[in-house]
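Q:
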Amino acid sequence: MSEEILINVTPRETRVAIVENGMLQEVHVERATKRGYVGNVYKGRVQRVMPGMQAVFVEIGLERAAFLHASDIVRPSLPPTDAPEGGKQNGHGPVPPISELVHEGQEIVVQVVKDPIGSKGARLSTHLSIPSRYLVLLPHSRTLGVSVRIEEEAERQRLKDVITPLIGDNHLGYIVRTNAEGQSEESLAFDVTYLGKVWRVVQENIAKAKVGERVYEELSLPLRSLRDSLNDGIEKVRVDSRETYEKTVKFVQKFMPVLSDRVEHYSGERPIFDLYGVEDEIQRALRKEVPLKSGGYLIVDQTEAMTTVDVNTGGYLGSRNLEETVYRTNLEAAQAAARQLRLRNLGGIVIIDFIDMVDDEHKRQVIRMLEKGLARDHAKTTVYPMSALGLVEMTRKRTTESLERQLCEPCPSCSGRGTLKTAETVIYEIFREITRAVRQFNAQKLLVMASPKVVGRILEEESAAVAELEEFIAKSIRFQAEEHYSQEQFDVVLL
-10 MSEEILINVT PRETRVAIVE NGMLQEVHVE RATKRGYVGN VYKGRVQRVM
40 PGMQAVFVEI GLERAAFLHA SDIVRPSLPP TDAPEGGKQN GHGPVPPISE
90 LVHEGQEIVV QVVKDPIGSK GARLSTHLSI PSRYLVLLPH SRTLGVSVRI
140 EEEAERQRLK DVITPLIGDN HLGYIVRTNA EGQSEESLAF DVTYLGKVWR
190 VVQENIAKAK VGERVYEELS LPLRSLRDSL NDGIEKVRVD SRETYEKTVK
240 FVQKFMPVLS DRVEHYSGER PIFDLYGVED EIQRALRKEV PLKSGGYLIV
290 DQTEAMTTVD VNTGGYLGSR NLEETVYRTN LEAAQAAARQ LRLRNLGGIV
340 IIDFIDMVDD EHKRQVIRML EKGLARDHAK TTVYPMSALG LVEMTRKRTT
390 ESLERQLCEP CPSCSGRGTL KTAETVIYEI FREITRAVRQ FNAQKLLVMA
440 SPKVVGRILE EESAAVAELE EFIAKSIRFQ AEEHYSQEQF DVVLL
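Laid out in structure tokens, this is it:
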């Protein structure tokens, strides 16, 4: 499989695209005015304790207070024990009341695990974790875990055998990342040393920091992408900024020297994203409808509660029978849905409404295709069995806003509803408002200002109704078209 990382840098925005076999799979955006907070560590102060929610709001210097749940608070009084790989490192057993863990006004060191999304503040944890290329340091744990994505038992044991003497008795926990598979002792030893230095600096920063100050900052988007994604499977990393290219080369030479020859500066005249068709793919990823090669299509709808994906056969008629047509469409849809979730960075609860199938084996094959498509997704996903209605429930871990929420805003005309009142509906609202105004206030004449479409319809198709209304209220009404008014907007002025 051919895989490349493209890094596009402009003065106020950086974008990273991951392209597999010429097809865009992931795109990440970071703007100077809106850098994400995930991974950053702050010294905060407990602002408000909410016993009913088993949570507290913490002031960390952001626009909104951040949220910390009792289950995300380290409980050092418990003896250190091994934890499930990648899970919380202590806190086994029932969670004590929040008031026993923290109190109002208490200073606390926290890490952002989820960016502010919509109207919600950032989500916090006191289970700090600092990632490097091959390891994740867990300062409040003594666990040594190995990523579940490293499946071969012999390799898992080798990694544990290599790392155990390296960490000695430094009383810190580590998780071995998927990237560590097949790596040498030297590479892993470098990471252990690096993380030790970083943690010492963080401890020094904590000691002198004031409330609301950041004590550890996650890497910038280009370096973060290379740390998490650059491996033997990546053929090229192309960077279109000389300055960022030099930074990435230094980073790669320091952490992944054997891959440093894969980073190159792109100096072509055409924008790098245009060259690979990434810009067009981003535009398509902002649409609801996703066409399938067979003629079918998906409808992707993101709401506050969940994301729904509806599968339709469209113009695909198949060649055998209805069941075979539905099965082929669902197989293609499963693959396309997995890609769209990753590309659009959709998280939380996802419901995929496949076309109804009768054959149980067909249902299993569709689920397998979906899971196969999600296998390369860096975000944690969980897929549940298909329901009797042909619905597949799944979850995808969400830490940042979706692509649509990053690049778009609600429509000012419909306020994000996706629909507008018809001109006819607005006209009857105007008529009601006129009647209401005349009963409340004295006026000889009335002026109605509305959008050109609404005014045009009133004068052409509703002229008889206007004449009746003028006779009923015994006053004349004048209509004025306003170009800048939306279809739902109008004003009734008494003259």
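So in my numbering, spot 309 of the sequence shown is number 298, and the numbers just go up one at a time.
Heads up, the beta-carbon is just placed ideally off N, CA and C, and yes, glycines get one too.
Pick out whichever of D342, A54, L248, E451 has its Cα sitting closest to the Cα of T414.
A: For the purposes of this step, residue 414 is taken as residue 425 along the sequence shown, with counting starting at 1. Minimum Cα distance to T414 is reached at E451.
Q: In angstroms, rounded to a whole number, what distance separates the CA positions of V455 and I466?
A: For the purposes of this step, residue 455 is taken as the residue at position 466 of the sequence shown. For the purposes of this step, residue 466 is taken as the residue at position 477 of the sequence shown. Their Cα atoms are separated by approximately 8 Å.
Q: Mind checking which residues open and close the beta strand (DSSP E) that includes N301?
A: Indexing the sequence shown from 1 puts residue 301 at position 312. It spans 296 to 301 - the beta strand (DSSP E) in which N301 sits, taken as one unbroken run.
Q: For the alpha helix (DSSP H) containing R231, list its first residue and its last residue.
A: The sequence position of residue 231 within the sequence shown is 242, counting from 1. That run of the alpha helix (DSSP H) goes 231 to 244.
Q: What whole-angstrom Cβ distance do T314 and T302 have, given they're in contact under 8 Å?
A: Numbered from its first residue, the sequence shown carries residue 314 at position 325. Numbered from its first residue, the sequence shown carries residue 302 at position 313. Correct: roughly 6 Å between the Cβ atoms.
Q: Could you tell me which uninterrupted alpha helix (DSSP H) segments, each at least 4 residues in length, are contained entirely in the segment 421 to 465, listed from first to last along the chain?
A: For the segment 421 to 465, whole alpha helix (DSSP H) runs of length 4 or above, ordered along the chain, are 441 to 450, 452 to 462.
Q: Can you find the residues in the same chain that come closer than 7 Å, C-beta to C-beta, to N220, ignoring five residues on each side of it along the sequence?
A: Counted from its first residue, the sequence shown places residue 220 at position 231. N168, listed in sequence order.
Q: Name the one or two DSSP bridge partners that R131 has.
A: Residue numbering aside, residue 131 sits at position 142 when the sequence shown is read from its first letter. The partner list for R131 (beta bridge, DSSP) is empty, contrary to what the question assumes.
Q: One question on the structure: do L448 and F430 come within less than 8 Å of each other, judged by their Cβ atoms?
A: Taking the sequence shown and counting its residues from 1, one reaches residue 448 at position 459. Taking the sequence shown and counting its residues from 1, one reaches residue 430 at position 441. Their beta carbons are not under 8 Å apart, which means L448 does not touch F430 by this criterion.
Q: Give the DSSP bridge partners of P120, in chain order.
A: Taking the first residue of the sequence shown as 1, we reach residue 120 at position 131. For P120, which the question treats as bridged, DSSP gives the partners V125.
Q: How far does the beta strand (DSSP E) with V35 in it reach, from first residue to last?
A: Taking the first residue of the sequence shown as position 1, residue 35 is located at position 46. Counting along the chain, the beta strand (DSSP E) containing V35 begins and ends at 30 to 39.
Q: DSSP three-state call for N(-3): helix, strand or coil?
A: As a first step, residue -3 must be located in the sequence shown, where it is residue number 8. In the structure shown, N(-3) sits in a strand (DSSP, three-state: E or B).
Q: Opposite A55 in the DSSP bridges: which residues?
A: Here residue 55 corresponds to residue number 66 of the sequence shown, with the count starting at 1. Paired residues: V47.
Q: Take every Cβ of the segment 332 to 340, pair it with every Cβ of the segment 379 to 395, and state whether three or more of those distances are shorter than 8 Å.
A: Taking 8 Å as the limit for Cβ pairs, the verdict is that the segment 379 to 395 does touch the segment 332 to 340.
Q: Which first and last residues belong to the alpha helix (DSSP H) in which Q14 is found?
A: Sequence index remark: in the sequence shown, residue 14 carries index 25 (1-based). Looking at the DSSP string, Q14 is not in any alpha helix (DSSP H); the run it does join, the beta strand (DSSP E), is 12 to 20.
Q: Straight-line CA distance for D61 to S114?
A: Indexing the sequence shown from 1 puts residue 61 at position 72. Indexing the sequence shown from 1 puts residue 114 at position 125. Going by the C-alpha atoms only, they are around 5 Å apart.
Q: State the Cα-Cα distance for the pair I344 and A463, rounded to the nearest angstrom.
A: Within the sequence shown, numbered from 1, the residue matching residue 344 stands at position 355. Within the sequence shown, numbered from 1, the residue matching residue 463 stands at position 474. Cα to Cα, the separation comes out at about 59 Å.
Q: Helix, strand or coil for R64 per DSSP?
A: As a first step, residue 64 must be located in the sequence shown, where it is residue number 75. In the structure shown, R64 sits in coil (DSSP, three-state: anything other than H, G, I, E or B).
Q: For a test of the three-state rule: what should DSSP assign to L311, helix, strand or coil?
A: Position 322 of the sequence shown, counting from 1, holds the residue named residue 311. If DSSP states are grouped into helix, strand and coil, L311 belongs with the helices.
Q: Between G75 and the rest of its own chain, which residues show a CB-CB distance below 8 Å, the 5 nearest in sequence each way excluded?
A: For the purposes of this step, residue 75 is taken as the residue at position 86 of the sequence shown. No answer about G75 holds up, because its pLDDT of 41 lies below 50 and its placement is not dependable.
Q: Considering only their Cβ atoms, is the gap separating I119 from L184 smaller than 8 Å?
A: Here residue 184 refers to the residue found at position 195 when the sequence shown is read from its first residue. Here residue 119 refers to the residue found at position 130 when the sequence shown is read from its first residue. Yes. Within cutoff.
Q: Just to confirm the assignment, what range does the beta strand (DSSP E) spanning I344 have?
A: In the sequence shown, the residue the question calls residue 344 occupies position 355. First-last for I344: undefined, no H or E at that position.
Q: Flag this pair as touching only if the segment 150 to 163 and the segment 280 to 290 have three or more C-beta atom pairs under 8 Å; answer yes or no.
A: Touching, no.
Q: In whole angstroms, what is the alpha-carbon distance linking V125 and K149?
A: What you label residue 125 is simply residue 136 of the sequence shown in a count that begins at 1. What you label residue 149 is simply residue 160 of the sequence shown in a count that begins at 1. Answer to the nearest angstrom: the Cα atoms are 14 Å apart.
Q: Secondary structure at G185, three-state DSSP: helix, strand or coil?
A: For this step, residue 185 is matched to residue 196 along the sequence shown. Helix.
Q: Classify G162 as helix, strand or coil using the three-state DSSP reduction.
A: Taking the first residue of the sequence shown as 1, we reach residue 162 at position 173. In this structure, G162 counts as strand in the three-state DSSP scheme.
Q: Provide the residue(s) that pair with D468 in DSSP beta bridges, ordered along the chain.
A: Sequence index remark: in the sequence shown, residue 468 carries index 479 (1-based). Position check: residue 468 holds Phe in this sequence, whereas Asp was assumed. F468 pairs with V437.
Q: For I356, I'd like the list of residues in its chain whose CB is within less than 8 Å of its CB, leaving aside the five on either flank, ordered along the chain.
A: Against the sequence shown, residue 356 aligns to sequence position 367. Counting only Cβ-Cβ distances below 8 Å, and skipping sequence neighbours, we find A323, V372, P374, M375, V381.
Q: Beta carbon of L7, beta carbon of S230: below 8 Å?
A: Along the sequence shown, read from residue 1 onward, the residue named residue 7 stands at position 18. Along the sequence shown, read from residue 1 onward, the residue named residue 230 stands at position 241. Position check: residue 7 holds Ile in this sequence, whereas Leu was assumed. No, they are not a contact pair.
Q: Can you give the Cα-Cα distance for K225 and L13, rounded to whole angstroms?
A: To locate residue 225, count along the sequence shown from 1; it is residue 236. To locate residue 13, count along the sequence shown from 1; it is residue 24. Cα to Cα, K225 sits roughly 14 Å from L13.
Q: Can you tell me which of R64, K103, P105 puts its alpha carbon nearest to the alpha carbon of P503?
A: Past the edges of the chain, shown from -10 to 484, lies residue 503, and the structure says nothing about it.
Q: Just to confirm the assignment, what range does the alpha helix (DSSP H) spanning A274 have?
A: Walking along the sequence shown from the start, residue 274 turns up at place 285. Start and end: 267 to 274.
Q: Which value, in whole angstroms, describes the spacing of the CA atoms of L67 and P83?
A: For the purposes of this step, residue 67 is taken as residue 78 along the sequence shown, with counting starting at 1. For the purposes of this step, residue 83 is taken as residue 94 along the sequence shown, with counting starting at 1. Confidence is the limiting factor: at L67 the pLDDT is only 44, short of 50, which leaves the residue's position unreliable, though a coordinate-based value still follows. If I take the Cα positions, the gap works out to 12 Å.
Q: Looking at S88: is its Cβ nearer than 8 Å to the Cβ of Y123?
A: Locating residue 88 in the sequence shown gives position 99, counting from the first residue. Locating residue 123 in the sequence shown gives position 134, counting from the first residue. No, Cβ-Cβ distance for S88 and Y123 is not below 8 Å.
Q: What are the start and end residues of the beta strand (DSSP E) that includes L380?
A: Position 391 of the sequence shown, counting from 1, holds the residue named residue 380. That run of the beta strand (DSSP E) goes 380 to 385.
Q: With S440 and S475 assumed to form a contact (beta carbons below 8 Å), what rounded beta-carbon distance in angstroms separates them?
A: Here residue 440 corresponds to residue number 451 of the sequence shown, with the count starting at 1. Here residue 475 corresponds to residue number 486 of the sequence shown, with the count starting at 1. Confirmed, Cβ separation roughly 6 Å.
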